[in-house]
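Visitor:
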Amino acid sequence: MSAVNKRLNGNQKSCFTFVFLLLFASLSSIAMAPSSEAAAGGDLGINSTVYPLEDTWIAAYDSILLQVEIENFHASPSASGRVLDWYVCEGVKNTNTCISSSVEDGSITISSILPGIKQTFESTTYFNPNGYNGNMTIIYKFDQLDFDSSNDEFSFIVNSTTTYTDIMINDEINILDQTENLADYEGQSIINSNTNYSFEFNGYSHLCGSCQINASIGWQLWNIDSSEKISESLTDHSSFPQYGYYKPFSISLPDFSHNATGNFMLHYGMFNSAGSPNNDMVNDNNINQELITINDDVDLVLLQMNPSHNPSSSEYYFGENMVYAQISNDGNKSVHNLTVTMEVFNAIGESQTLDDCFVELIHPGNSFACNFDVLTSGEYLEMIVSIPVITEDGNDTIIENNQIIENTDIVIPSLSGYIVNNNQKPWYTNLDQISLTGNANLFAPGPINYSWWYAGIINLGYGENLIIDSNSLGLGEHIIRLTVRDVFGNTENIFEVVNVYYYAEQDNFPEFIASGVTTEESVIITQTMLPIIGESYGVGNGKSPLLMLSFNLIRESDNSSLFTGSNWMNIELNTSYLLLDSIPFNSLEIRSLDNFEDTTWEIFESSEPVFDALNENISLTIYNSITILIIGQINTPEVYAENFTTSLAEGGKFSLEWTPTGDINNDYIGGWNIYQISLPETGGTVFPSSNQIFNQLVWDDLTTNSFRAFLSIEESTWNDPLKLEEGLCSSYAIVPVDRQGTAYFERANVTTDEGGNGTYLCGDNEPPTTTAIQFQHTWEFTNSSDCFKIENDWSMCYSVELTWTWPEHEIDGNVTWNLYRIEQNPDGIDISLINPILADMEAIPMQSGNYTEYGWEDDGIRPQRTYYYILTPVDWVGNEKSVIQFPSQNVERVYIEDDWWSYYQHIIPAEEEPEEPPLGNEWLGNFSDSLEQDEFKIAGVVVLVTICFSFIALPLIIKKRKRLNRVINARNRQKMADSMADEFDDFFD
Numbered sequence: 011m012s013a014v015n016k017r018l019n020g021n022q023k024s025c026f027t028f029v030f031l032l033l034f035a036s037l038s039s040i041a042m043a044p045s046s047e048a049a050a051g052g053d054l055g056i057n058s059t060v061y062p063l064e065d066t067w068i069a070a071y072d073s074i075l076l077q078v079e080i081e082n083f084h085a086s087p088s089a090s091g092r093v094l095d096w097y098v099c100e101g102v103k104n105t106n107t108c109i110s111s112s113v114e115d116g117s118i119t120i121s122s123i124l125p126g127i128k129q130t131f132e133s134t135t136y137f138n139p140n141g142y143n144g145n146m147t148i149i150y151k152f153d154q155l156d157f158d159s160s161n162d163e164f165s166f167i168v169n170s171t172t173t174y175t176d177i178m179i180n181d182e183i184n185i186l187d188q189t190e191n192l193a194d195y196e197g198q199s200i201i202n203s204n205t206n207y208s209f210e211f212n213g214y215s216h217l218c219g220s221c222q223i224n225a226s227i228g229w230q231l232w233n234i235d236s237s238e239k240i241s242e243s244l245t246d247h248s249s250f251p252q253y254g255y256y257k258p259f260s261i262s263l264p265d266f267s268h269n270a271t272g273n274f275m276l277h278y279g280m281f282n283s284a285g286s287p288n289n290d291m292v293n294d295n296n297i298n299q300e301l302i303t304i305n306d307d308v309d310l311v312l313l314q315m316n317p318s319h320n321p322s323s324s325e326y327y328f329g330e331n332m333v334y335a336q337i338s339n340d341g342n343k344s345v346h347n348l349t350v351t352m353e354v355f356n357a358i359g360e361s362q363t364l365d366d367c368f369v370e371l372i373h374p375g376n377s378f379a380c381n382f383d384v385l386t387s388g389e390y391l392e393m394i395v396s397i398p399v400i401t402e403d404g405n406d407t408i409i410e411n412n413q414i415i416e417n418t419d420i421v422i423p424s425l426s427g428y429i430v431n432n433n434q435k436p437w438y439t440n441l442d443q444i445s446l447t448g449n450a451n452l453f454a455p456g457p458i459n460y461s462w463w464y465a466g467i468i469n470l471g472y473g474e475n476l477i478i479d480s481n482s483l484g485l486g487e488h489i490i491r492l493t494v495r496d497v498f499g500n501t502e503n504i505f506e507v508v509n510v511y512y513y514a515e516q517d518n519f520p521e522f523i524a525s526g527v528t529t530e531e532s533v534i535i536t537q538t539m540l541p542i543i544g545e546s547y548g549v550g551n552g553k554s555p556l557l558m559l560s561f562n563l564i565r566e567s568d569n570s571s572l573f574t575g576s577n578w579m580n581i582e583l584n585t586s587y588l589l590l591d592s593i594p595f596n597s598l599e600i601r602s603l604d605n606f607e608d609t610t611w612e613i614f615e616s617s618e619p620v621f622d623a624l625n626e627n628i629s630l631t632i633y634n635s636i637t638i639l640i641i642g643q644i645n646t647p648e649v650y651a652e653n654f655t656t657s658l659a660e661g662g663k664f665s666l667e668w669t670p671t672g673d674i675n676n677d678y679i680g681g682w683n684i685y686q687i688s689l690p691e692t693g694g695t696v697f698p699s700s701n702q703i704f705n706q707l708v709w710d711d712l713t714t715n716s717f718r719a720f721l722s723i724e725e726s727t728w729n730d731p732l733k734l735e736e737g738l739c740s741s742y743a744i745v746p747v748d749r750q751g752t753a754y755f756e757r758a759n760v761t762t763d764e765g766g767n768g769t770y771l772c773g774d775n776e777p778p779t780t781t782a783i784q785f786q787h788t789w790e791f792t793n794s795s796d797c798f799k800i801e802n803d804w805s806m807c808y809s810v811e812l813t814w815t816w817p818e819h820e821i822d823g824n825v826t827w828n829l830y831r832i833e834q835n836p837d838g839i840d841i842s843l844i845n846p847i848l849a850d851m852e853a854i855p856m857q858s859g860n861y862t863e864y865g866w867e868d869d870g871i872r873p874q875r876t877y878y879y880i881l882t883p884v885d886w887v888g889n890e891k892s893v894i895q896f897p898s899q900n901v902e903r904v905y906i907e908d909d910w911w912s913y914y915q916h917i918i919p920a921e922e923e924p925e926e927p928p929l930g931n932e933w934l935g936n937f938s939d940s941l942e943q944d945e946f947k948i949a950g951v952v953v954l955v956t957i958c959f960s961f962i963a964l965p966l967i968i969k970k971r972k973r974l975n976r977v978i979n980a981r982n983r984q985k986m987a988d989s990m991a992d993e994f995d996d997f998f999d
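Going by the working numbering, the sequence shown opens with residue 11, and the numbers climb by one from there.
1) Let me make sure I understand the geometry here. Which of M352, F505, E238 and G823 has the alpha-carbon closest to that of E392?
2) Between which residues of its own chain and I847 is the CB-CB distance below 6 Å, once the five residues before and five after are set aside?
3) CA-CA distance, L563 and L572?
4) Buried or exposed: which applies to D988, given that a residue is buried once 16 or more other Cβ atoms fall within 10 Å of its Cβ?
5) Please report the straight-line C-alpha distance between I123 and P264, rounded to a whole angstrom.
6) Suppose the cutoff is 6 Å on Cβ atoms and the five residues either side in sequence are ignored; what does the same chain contact list for D153 look like?
7) Which of helix, strand or coil does DSSP assign to A623?
8) Measure the beta-carbon distance from H346 to L371 and round it to whole angstroms, keeping in mind my assumption that it falls under 8 Å.
9) Going by C-alpha to C-alpha distance, which of Q750, D763, V745 and L666 sits closest to E756?
10) Sorted by chain position, which residues of the same chain lie with C-beta nearer than 6 Å to N701's C-beta, five sequence neighbours on each side aside?
11) Considering only residues of the region 428 to 487, which uninterrupted beta strand (DSSP E) runs meet the minimum length of 3 residues and lie entirely inside it, listed in chain order?
12) Looking at the unbroken alpha helix (DSSP H) that takes in N269, where does it start and where does it end?
13) Taking Cβ positions, are N625 and N653 nearer each other than 9 Å?
14) How would you call W933, buried or exposed, if buried means at least 16 neighbouring beta carbons within 10 angstroms?
15) Please report the straight-line C-alpha distance between F498 and I422, rounded to a whole angstrom.
16) Measuring CB atoms only, is the region 102 to 117 touching the region 126 to 145, in the sense that at least three cross pairs come out at less than 8 Å?
17) So, for A849: in the same chain, excluding its five sequence neighbours on each side, which residues have a beta-carbon less than 7 Å away from its beta-carbon?
18) Whose C-beta lies closer than 7 Å to the C-beta of K257 among residues of the same chain, with five residues either side of it excluded?
19) Could you pull the DSSP bridge partners for M579 from this structure?
20) Taking only the alpha-carbon atoms, compute the straight-line gap between S36 and G144 and give it to the nearest angstrom.
21) Leaving out five residues before and five after N3 in sequence, what residues of the same chain have Cβ atoms less than 6 Å from its Cβ?
22) Do three or more CB pairs link the region 284 to 298 to the region 216 to 225 at distances below 8 Å?
23) State the Cα-Cα distance for the pair L32 and T107, rounded to the nearest angstrom.
24) Does DSSP classify M986 as helix, strand or coil?
25) Are the CB atoms of Q857 and T815 nearer to each other than 9 Å?
26) Which of the three DSSP states is assigned to K970 in this structure?
27) Which residue marks the beginning of the beta strand (DSSP E) containing F595, and which one marks its end?
28) Report yes if the CB atom of S344 is closer than 9 Å to the CB atom of N191, and no otherwise.
29) In this structure, how does DSSP classify L707 when only helix, strand and coil are distinguished?
30) Determine the closest residue to Y97 out of V78, T147 and A50, with distance taken between C-alpha atoms.
31) For a test of the three-state rule: what should DSSP assign to Y511, helix, strand or coil?
32) Please say whether Q537 and I593 have beta carbons closer to each other than 9 Å?
33) E300 lies in the alpha helix (DSSP H); which residues open and close that run?
34) In angstroms, rounded to a whole number, what distance separates the CA positions of I444 and V507?
35) Taking V810 as the reference, give the member of P778, N936, P873 and Q834 with the closest Cα.
36) Could I get the ranges of all uninterrupted alpha helix (DSSP H) runs contained in the region 798 to 869, with 4 residues as the minimum, in chain order?
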């Protein structure tokens, strides 16, 4: 085989291999492509894309919803629920390749569509190119093929760009809606010719950060069918918003004006653009058009004319603003500087009065009200209201509605005067002010004159209002006259009767108010007092006396009562302040007493008291001086002795402590009752605690003979003065009581254990017996000149220091110590009445304690005296052993010598000269004196015996020592010879 054939065979094999690979890749692509089932009935077809359109631009960073148009080509409605899949891929690709390599996909559910109907559907998820710059392929495809599969898929190309440029007009805004005060005809706004209007171009800008666009914006006026342009006005604009997705903007367009009337088509928006890097990419959203009507018709209408005082009246009143007329602008143009006139003529056509109304501006569709003065009167008059036909804004097109003529009567209204009492009362006090206001017919011809008179001749003032002090009128009945006069001299007189009495009032707000009426000056005297403690006043029926109040009306000069039986005093009691909130208002009653000392009540008969449950007030009237007693039901008070404790005290006694809480300021709480039950250590009946069910009978029985003391409500402690006998214990109870002595056992607190149950406590009267360790002292004379200078007394310059060691605490608890000092032997002495010099010392077991006392202190120590210092232990309840025994480890006796001479020997007198010794030798004298002492004689004999023994033993000792020296020297020489022999042997070796 030649080389050429080999090469051809090789090429053939390569071609077969390449074809096989292409076929395998195609099969793989087909296998990977989503399959469609030919299982759907009917014939739905994809007509086109609605958004985005084919071959259009889209922004590379905008999220969009895909919209597609589907049509039912079948003769029957389509089945609901068919799924249309969509795929987006980068670049221009065929359907299968795009589906298999899509960058984003989704689905749209197609609802039922009637035959022959086209319907737009929108994706439920957004698609975003994510910054891709270039062509993109979009595929729509049904997941199931129907009878006609040729229209079951649709593909198109869009161009995604990062430099997207689009200026879009807001077509939802009518440009004429921006202008106010326009006429409206069947929803169409009407403008006027030769008038400048300012319009706004409202739209949206979609520009990238580097994109620029210069646009020609403005308006064009076309004829009604947009076939001929009449005029235009354009301007350049380049400052559009950037960096955003369709940012809104509003730009003023050139002023619009046209000199002709009629119907026109106004085009406005952006007409041209030049941009970098792109021009506007969407041209069909740049311009909007509106149908406009230009019309200059003027039509002013006089709507109505009627009397101001009463629109339905057939006659008019004389006076100002007595004619009302309403004008409206039914034309298409605003009218300026309009003058409307009203004129009245008599029966022969003579003008009687004329008035006008100036209207500065009235816009189309608006109305204006005019009021005219009528300054004439009479019968059978003709009244004419007219609107001019010719105005500075044009001639009225409909003149028939510019005038109203009415034949009527004009009358002068009557005065109809009257008085209004601004603080109407059946009578006034001497401290009140009387306020009157004069009134007349509102339509009476004015100005109206008002004058006030007393007794017909004394002028009180002028004007509508009169304010006068009642005391200036004096006591009694008075008549005040008001005279009113109109502009024509017509007059009326009106009278007001007032009564002035002396009024006494005791305003003790907010507790009560008392007021009385007398014919002369008087004062009200009141007193308030709580019921006497322990007195029940015989009330009964479950109620208690609450409060006493006395009232009297007296002449201040002699304190005599001014109650005559015909006058009275009104009293209003505010029980919400006088009494406690816990007292039910419906339980209150009123009783009468002769005075505060009277304890026998009577029925209140002066008047029937009025009980106002809403405001909790009691109103009553009395006709003589009286003391009233308020009674009612006292509920169980909210008073508690919290944290009640029973603790041991010195000598087997007890101390009670508690915290008063709750309504302790309650005037009806008298205080606390203390009860005690004594029982043996083995147990017995005790007061029940709040843990148990309350039983009134049990408490009544337990407290019959167990009362110990009564304390005020403010007290918080009580020390039982009685000492229990040995072997007895106590249970205590504290109970709040009211002023009548009623005890509220349900609020009792008792001696309890840790569980809160009632219990008892036994006393402790045994003092501790522990003793101090090594209780001792030292004393010294300080010889201090500073001490001496205090009072020039050396006897003050002594000090005593006591030291001891604290013992272990007792088993029953820690003890404290007191230190006493007395100057007599304490054996059998009771020190309970002596004050300690040091009290309540805290002891630390096996630690040392000390105390130093100085002579210069008050009641200090002195020399040549004996002092007894006593340490006494005190247990935690205060028991202390008061009878002292001596000697004792707790008692230290201290005697202080007069040590002053030790420092001042130089002032001691000199001793007498001694006798001359034998032979004039002092040693012989001392020796002679010593021979008379036994001690010296014995010592001499011992010395002589020692000397004799020494003379005998000394030679023997010397001889033995010499012999020992010879032996030691011989041994030393032998050791030296042995040593030298060893050295020679080492040398020769």
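Note that beta-carbon positions come from the ideal geometry of N, C-alpha and C, so glycine has one too. Please read all numbers here as calculations on a predicted model, not as lab measurements.
Guide: Here's the rundown:
1) The residue you call residue 392 lines up with position 382 of the sequence shown. Of M352, F505, E238 and G823, the residue nearest in Cα terms is M352.
2) In the sequence shown, counting from the first residue as 1, residue 847 sits at position 837. So the qualifying residues of the chain are L829 and R831.
3) The residue you call residue 563 lines up with position 553 of the sequence shown. The residue you call residue 572 lines up with position 562 of the sequence shown. Approximately 6 Å, taken between the alpha carbons.
4) Taking the sequence shown and counting its residues from 1, the one referred to as residue 988 is at position 978. Exposed, since its Cβ has fewer than 16 Cβ neighbours within 10 Å.
5) Here residue 123 corresponds to residue number 113 of the sequence shown, with the count starting at 1. Here residue 264 corresponds to residue number 254 of the sequence shown, with the count starting at 1. When rounded, the distance between both Cα atoms is 48 Å.
6) Here residue 153 corresponds to residue number 143 of the sequence shown, with the count starting at 1. Contacts found: V93 and D95.
7) Taking the sequence shown and counting its residues from 1, the one referred to as residue 623 is at position 613. Looking at A623 - three-state DSSP - the assignment turns out to be coil, as it is neither helix nor strand.
8) Residue 346 sits at position 336 when you count from the first residue of the sequence shown. Residue 371 sits at position 361 when you count from the first residue of the sequence shown. Going by Cβ atoms, the distance from H346 to L371 rounds to 5 Å, so yes, they are a contact pair.
9) Counting from one through the sequence shown, the residue named residue 756 turns up at place 746. The shortest Cα separation from E756 among Q750, D763, V745 and L666 belongs to V745.
10) Start at 1 with the first residue of the sequence shown, and residue 701 comes out as number 691. So the list reads G766 and N767, once near-sequence residues are dropped.
11) 428 to 431, 443 to 449, 459 to 464, 468 to 472 and 475 to 479
12) Indexing the sequence shown from 1 puts residue 269 at position 259. It is not in any alpha helix (DSSP H) - N269 carries neither H nor E in the DSSP assignment.
13) Taking the sequence shown and counting its residues from 1, one reaches residue 625 at position 615. Taking the sequence shown and counting its residues from 1, one reaches residue 653 at position 643. No. Outside cutoff.
14) Indexing the sequence shown from 1 puts residue 933 at position 923. Exposed, by the Cβ-count rule.
15) Here residue 498 refers to the residue found at position 488 when the sequence shown is read from its first residue. Here residue 422 refers to the residue found at position 412 when the sequence shown is read from its first residue. Between F498 and I422, the C-alpha separation is close to 9 Å.
16) yes
17) Stepping through the sequence shown from its first residue, residue 849 is reached at position 839. Once the five neighbours on either side are set aside, the close Cβ partners of A849 are N828.
18) Mapped onto the sequence shown, residue 257 falls at position 247. Y214, S215 and P251, listed in sequence order.
19) Residue 579 sits at position 569 when you count from the first residue of the sequence shown. The partner list for M579 (beta bridge, DSSP) reads G526 and I632.
20) Here the question's residue 36 lines up with position 26 in the sequence shown. Here the question's residue 144 lines up with position 134 in the sequence shown. With a pLDDT of 44 at S36, under the threshold of 50, the modelled position of this residue cannot be trusted; read the value that follows with caution. Distance between the alpha carbons of S36 and G144 is about 27 Å.
21) Outside the shown range of the chain, which is 11 to 999, sits residue 3, and nothing can be said about it.
22) yes
23) As a working note, residue 32 is residue 22 in the sequence shown. As a working note, residue 107 is residue 97 in the sequence shown. Unreliable positioning characterises L32 in this predicted model, as indicated by a pLDDT of 47, which lies under 50. The coordinate reading is nonetheless provided below. L32 and T107: Cα-Cα distance of roughly 15 Å.
24) Position 976 of the sequence shown holds residue 986. Helix.
25) Your numbering for residue 857 matches position 847 in the sequence shown. Your numbering for residue 815 matches position 805 in the sequence shown. Contact: yes.
26) Looking up residue 970 in the sequence shown gives position 960. In the structure shown, K970 sits in a helix (DSSP, three-state: H, G or I).
27) The residue labelled residue 595 in the question sits at position 585 within the sequence shown. Segment: none, F595 is in no beta strand (DSSP E) and carries neither H nor E.
28) Here the question's residue 344 lines up with position 334 in the sequence shown. Here the question's residue 191 lines up with position 181 in the sequence shown. Contact: yes.
29) Numbered from its first residue, the sequence shown carries residue 707 at position 697. The answer is helix: DSSP assigns L707 an H, G or I state.
30) By one-based count along the sequence shown, residue 97 stands at place 87. Residue T147 is the option with its Cα nearest to Y97.
31) Mapped onto the sequence shown, residue 511 falls at position 501. Y511 falls in the coil class under three-state DSSP.
32) Along the sequence shown, read from residue 1 onward, the residue named residue 593 stands at position 583. Along the sequence shown, read from residue 1 onward, the residue named residue 537 stands at position 527. No, they are not a contact pair.
33) Reading the sequence shown from its first residue, position 290 is the one you call residue 300. It is not in any alpha helix (DSSP H) - E300 instead sits in the beta strand (DSSP E) that spans I297 to I304.
34) For the purposes of this step, residue 444 is taken as the residue at position 434 of the sequence shown. For the purposes of this step, residue 507 is taken as the residue at position 497 of the sequence shown. Distance between the alpha carbons of I444 and V507: 11 Å.
35) Looking up residue 810 in the sequence shown gives position 800. Selected option, being the one with the closest Cα: P873.
36) none
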